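A.B. asks:
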Amino acid sequence: MFPRVIALFLSLLGATPLLAQEADGFAPRFVSSIPLFEDDSAQPPKVFEIREQHVRVPTVDLTVETDDLWERIRRGFSMPDLNTDLVTDRQIYYINRPGALRQIFTRGQRYLYYIVEELERRGMPTELALLPMVESAFNPMALSSAQASGLWQFIPSTGKSYRLEQNWWVDERRDVIASTNAALDYLQTIYEMHGDWQLALASYNWGEGAVGRAVAKNKAAGLPAEYQYLNMPGETRYYVPKLQALKNIIAQPELFGITLPAIPNRPYFVTVESRVPLDLATAARLAETPVDEILALNPGYKRPILPTAGPQSLVVPAEKLEAFLINLQRHDPANASWKTYELQEGEGLEGVADRLGISASRLRQVNGLSPRARIGTGYTLIVPSESEGDRISLASLMPNRPQAGAVEPPPPPPPRALVQRTTMRGKNGKQIVIERKIAVAAEPAPAARQKGGKPEKAAPPAKPAPGKAAAGKSAEPPKAAAKPSAPARKHR
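Following the numbering used here, the numbering of the sequence shown begins with 4 at its first residue and continues without gaps.
1. Could you give the residue range of the beta strand (DSSP E) that holds K342?
2. Please report the residue range of the beta strand (DSSP E) in which F272 lies.
3. Would you decide whether Y241 is buried or exposed? Buried here means 16 or more other CB atoms lie within 10 Å of its CB.
4. Can you tell me which of the three DSSP states I329 falls into?
5. Where do the N-terminal and C-terminal ends of the beta strand (DSSP E) with Q423 fall, by residue?
6. Could you have a look at F141 and say whether DSSP puts it in helix, strand or coil?
7. Per the contact definition of three or more C-beta pairs closer than 8 Å, is the stretch 313-332 in contact with the stretch 155-170?
8. Any beta carbon from chain C within less than 7 Å of G225's own beta carbon?
9. By the three-class DSSP mapping on this structure, what secondary structure does V294 have?
10. Per the DSSP calculation, E438 is bridged to which residue(s)?
11. Thinking A412 and R375 are a contact (beta carbons under 8 Å), I'd like their distance in whole angstroms, please.
12. Spatial neighbours of S81 within its chain, please: CB distance less than 6 Å, with the 5 preceding and 5 following residues excluded, ordered by chain position.
13. What does a CB cutoff of less than 7 Å around G28 pick up in its chain, not counting 5 residues either side in sequence?
14. Cβ of Y194 within 7 Å of Cβ of A205?
15. When the Cα of A290 is compared with those of T274, L366, M427, which residue comes out closest?
16. Could you tell me whether the stretch 112-122 touches the stretch 93-101, using the rule of 3 or more Cβ pairs below 8 Å?
17. By DSSP, does V67 sit in helix, in strand, or in coil?
18. Would you call A286 buried or exposed, if buried means 16 or more other Cβ atoms sit within 10 Å of its Cβ?
19. Does the structure place the stretch 65-74 close enough to the stretch 259-268 that three or more beta carbon pairs sit under 8 Å?
20. Using only alpha-carbon positions, find the residue among Q434, R424, G432 that is nearest to K440.
21. Is the CB-CB distance between L346 and T380 below 7 Å?
22. Could you check which residue in I385, P143, M427, L104 has the C-alpha nearest to that of I308?
23. Evaluate G198 with the Cβ neighbour count: other Cβ atoms within 10 Å of its Cβ, from every protein chain shown; 16 or more gives buried, anything less gives exposed.
24. Would you call the stretch 324-338 in contact with the stretch 365-374, where contact means no fewer than 3 C-beta pairs closer than 8 Å?
25. Take N86 as the anchor and find which of Q150, F141, E121, Q247 has the nearest alpha-carbon.
26. For the stretch 334-348 against the stretch 276-286, do three or more pairs of beta-carbon atoms, one drawn from each stretch, fall closer than 8 Å, so that the two count as touching?
27. Provide the residue(s) that pair with T383 in DSSP beta bridges, ordered along the chain.
28. Using only the alpha-carbon positions, how far apart do R125 and P336 sit?
29. What is the C-beta distance between Q201 and V137, in whole angstroms, given that I count them as a contact (C-beta under 8 Å)?
30. Report the three-state DSSP secondary structure of K174 (helix, strand or coil).
31. Out of curiosity, what's the CA-to-CA distance linking Q434 and R419?
32. Below 7 Å between beta carbons: does that hold for Y382 and G354?
33. Less than 7 Å separating the beta-carbons of A132 and W155?
34. Quick one: using the 10 Å Cβ neighbour count with 16 as the cut-off for buried, is D42 buried or exposed?
35. Which residue from Q169, K245, G153 puts its Cα closest to that of D88?
36. Helix, strand or coil, according to DSSP, for P517 in the structure here?
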């Protein structure tokens with residue numbers, strides 16, 4: 004037995020030079036022709052072969068920064084995969100609509116770099132960079148029937164909870180930078196609540212309370228509490244499968260016959276602060292960029308001109324930054340396409356319109372003011388120039404309602420109608436009542452009536468002039484005050 008073992012070790016030592024020749028990276032493999040410890044007195048000597056492993060395993064060097072943003076996104080995938088029939092269904096849905104998918108990717112190339120940067124800074128999975136594809140198809144102006152707005156589809160109340168300002172000038176639910184930071188804050192919160200990214204995504208769509216109740220219900224019934232086992236609305240049931248389908252397509256686009264647009268791994272936009280009053284049409288001209296591109300990068304602004312209060316932040320393409328700064332230094336604010344004007348004491352809209360060389364009706368239109376609206380001192384008007392910049396592109400920024408401070412008088416009450424009834428006797432002797440409505444002019448509202456229908460307290464009678472009235476007697480009240488209002492007017 005021992006001679007055979009010694010012979011085995013000698014044969015292995017003889018193979019050492021061959022192992023040294025495998026320095027090119029191929030892994031050697033030992034193949035024996037017979038079992039190692041079987042009695043082989045009638046068998047030929049054991050033979051050990053060394054064969055090359057010709058299949059290399061592809062590797063990714065994560066220490067080298069990639070020039071392709073899609074590859075950077077793939078490297079950050081870290082959510083557990085969901086493998087269900089609904090994922091397959093959504094994959095088929097997307098690949099059968101290559102035009103829509105191409106439009107989503109084209110829109111997304113403006114915003115993806117910033118989102119990925121924020122995700123990596125927070126240590127979050129880069130799959131979340133694809134969530135705006137599900138929420139809004141990367142359209143920052145998207146508005147749902149529930150009034151959810153922006154890339155991340157915040158409803159007004161949740162937006163306010165996450166400090167997204169919403170007023171006449173701006174809606175930060177549509178602002179790319181502000182809404183992204185708010186969305187990632189929210190996603191981090193609900194992930195910490197559930198400890199599971201799929202449940203966090205379901206909460207983003209359905210609400211964290213609803214998901215928590217569904218999880219508790221499954222646990223109480225002894226059922227699995229993972230996402231795919233929960234009883235949930237149809238929209239939420241398809242929500243995570245949509246994201247998983249997009250993840251699969253982006254992970255292996257060639258497998259699905261999809262060509263992704265090239266997106267460089269570098270910033271697409273930068274933010275600049277301007278102390279010079281700017282409007283979006285002028286900013287586009289200074290940045291040597293189409294107005295539509297400036298609108299896509301600054302979707303949070305609801306007016307053609309930037310707010311006058313506070314610093315003016317503007318997002319411009321990174322490659323146009325130098326040209327913008329040079330042109331801004333040469334810019335004369337008097338040449339702006341849009342301006343603002345604050346009403347001074349004693350001024351009215353009509354007088355301002357005449358002085359600025361614009362019709363009062365046009366000035367009311369661009370400010371969302373009806374012909375009956377009244378404005379006063381301190382009200383800020385937006386004023387177009389003769390050219391008005393790019394009217395077509397900026398048409399969506401025209402206000403459909405005035406800013407705070409405009410008083411819209413209530414509409415006049417409808418005309419009153421009196422019903423006149425006439426009783427007649429018919430041919431068979433029966434009485435017939437004929438009714439006829441007669442329109443009469445509406446009575447003016449009593450001066451004592453306040454907003455809300457509550458009457459004011461009666462004013463004390465005026466003191467009589469000395470020598471005009473006897474002591475203890477008051478002047479006769481006016482007849483209008485002695486007549487009570489008609490009961491029907493209480494509820495109008």
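Glycine is no exception: its CB is placed at the ideal position from the N, C-alpha and C atoms. Since this is a predicted model, take the numbers as computed values, not measurements.
C.D. replies: In this structure, then:
1. What you label residue 342 is simply residue 339 of the sequence shown in a count that begins at 1. Where K342 is concerned, the enclosing beta strand (DSSP E) stretches over 341-345.
2. On the sequence shown, position 269 is the one that residue 272 refers to. Segment 272-277, the beta strand (DSSP E) holding F272.
3. For the purposes of this step, residue 241 is taken as residue 238 along the sequence shown, with counting starting at 1. Classification for Y241: buried.
4. Position 326 of the sequence shown holds residue 329. In the structure shown, I329 falls within a helical segment according to DSSP collapsed to helix, strand and coil.
5. Locating residue 423 in the sequence shown gives position 420, counting from the first residue. Counting along the chain, the beta strand (DSSP E) containing Q423 begins and ends at 419-428.
6. In the sequence shown, counting from the first residue as 1, residue 141 sits at position 138. DSSP places F141 in the coil class of the three-state scheme, outside both helix and strand.
7. Contact between the stretch 155-170 and the stretch 313-332 is absent: fewer than 3 CB-CB pairs across the two stretches fall below 8 Å.
8. Looking at the structure shown, chain C is missing, and only one protein chain is on hand.
9. Taking the sequence shown and counting its residues from 1, the one referred to as residue 294 is at position 291. Helix at V294.
10. If you number the sequence shown from 1, residue 438 lands on position 435. BP columns for E438 point to R424.
11. As a working mapping, residue 412 is identified with position 409 in the sequence shown. As a working mapping, residue 375 is identified with position 372 in the sequence shown. Strictly speaking, residue 412 in this sequence is Pro, with Ala absent from that position. The C-beta distance from P412 to R375 rounds to 6 Å, short enough to meet the 8 Å contact threshold.
12. Mapped onto the sequence shown, residue 81 falls at position 78. Here the set comprises P128.
13. The residue you call residue 28 lines up with position 25 of the sequence shown. With a pLDDT of only 42 at G28, under the threshold of 50, the placement of this residue in the model should not be trusted; the figure read from the coordinates follows. Cβ contact annotation for G28 (same chain, cutoff 7 Å, sequence separation greater than five): none.
14. Counting from 1 along the sequence shown, the entry for residue 194 is found at position 191. Counting from 1 along the sequence shown, the entry for residue 205 is found at position 202. No, the Cβ-Cβ distance between Y194 and A205 is not below 7 Å.
15. In the sequence shown, the residue the question calls residue 290 occupies position 287. Here the closest residue by C-alpha is T274.
16. No, they do not touch.
17. Indexing the sequence shown from 1 puts residue 67 at position 64. In the three-state scheme derived from DSSP, where H, G and I count as helix and E and B as strand, V67 is classed as coil.
18. Here the question's residue 286 lines up with position 283 in the sequence shown. Looking at its Cβ environment, which holds 16 or more other Cβ atoms inside 10 Å, A286 is buried.
19. Judged by Cβ distances under 8 Å, the stretch 259-268 makes contact with the stretch 65-74, as three or more pairs qualify.
20. Here residue 440 refers to the residue found at position 437 when the sequence shown is read from its first residue. Of the candidates Q434, R424, G432, the residue whose Cα lies closest to the Cα of K440 is R424.
21. For the purposes of this step, residue 346 is taken as the residue at position 343 of the sequence shown. For the purposes of this step, residue 380 is taken as the residue at position 377 of the sequence shown. With contacts defined by Cβ atoms closer than 7 Å, L346 and T380 form a contacting pair.
22. Here the question's residue 308 lines up with position 305 in the sequence shown. Of the candidates I385, P143, M427, L104, I385 places its Cα closest to the Cα of I308.
23. The residue labelled residue 198 in the question sits at position 195 within the sequence shown. With fewer than 16 Cβ atoms within 10 Å of its Cβ, G198 is classed as exposed.
24. The stretch 324-338 vs the stretch 365-374: no contact.
25. Sequence index remark: in the sequence shown, residue 86 carries index 83 (1-based). Among Q150, F141, E121, Q247, the Cα nearest to that of N86 is on Q247.
26. Two segments are said to touch when three or more pairs of C-beta atoms, one from each, lie closer than 8 Å; by this definition the stretch 334-348 touches the stretch 276-286.
27. For this step, residue 383 is matched to residue 380 along the sequence shown. DSSP output for T383 lists E345 as bridge partner(s).
28. For the purposes of this step, residue 125 is identified with residue 122 of the sequence shown, where counting begins at 1. For the purposes of this step, residue 336 is identified with residue 333 of the sequence shown, where counting begins at 1. Their backbone Cα atoms lie some 41 Å apart in a straight line.
29. On the sequence shown, residue 201 is found 198 positions in, with the first residue counted as 1. On the sequence shown, residue 137 is found 134 positions in, with the first residue counted as 1. Not confirmed; about 13 Å, so no contact.
30. As a working mapping, residue 174 is identified with position 171 in the sequence shown. It is worth fixing the name first, because residue 174 is Asp in this sequence and not Lys. If DSSP states are grouped into helix, strand and coil, D174 belongs with the strands.
31. The count along the sequence shown starts at 1 and reaches residue 434 at position 431. The count along the sequence shown starts at 1 and reaches residue 419 at position 416. Near 28 Å, if we compare the C-alpha coordinates of R419 and Q434.
32. In the sequence shown, counting from the first residue as 1, residue 382 sits at position 379. In the sequence shown, counting from the first residue as 1, residue 354 sits at position 351. Result no, Cβ atoms of Y382 and G354 do not sit closer than 7 Å.
33. Locating residue 132 in the sequence shown gives position 129, counting from the first residue. Locating residue 155 in the sequence shown gives position 152, counting from the first residue. Contact flag unset, no.
34. Walking along the sequence shown from the start, residue 42 turns up at place 39. For D42, the pLDDT reaches just 46, beneath the cut-off of 50, and the residue's location in the model is therefore unreliable, although a value from the coordinates is still provided. Exposed, by the Cβ-count rule.
35. Numbered from 1 along the sequence shown, position 85 holds the residue referred to as residue 88. It is K245 whose Cα lies nearest to the Cα of D88.
36. Outside the modelled stretch of the chain, which goes from 4 to 495, sits residue 517, for which no answer is possible.
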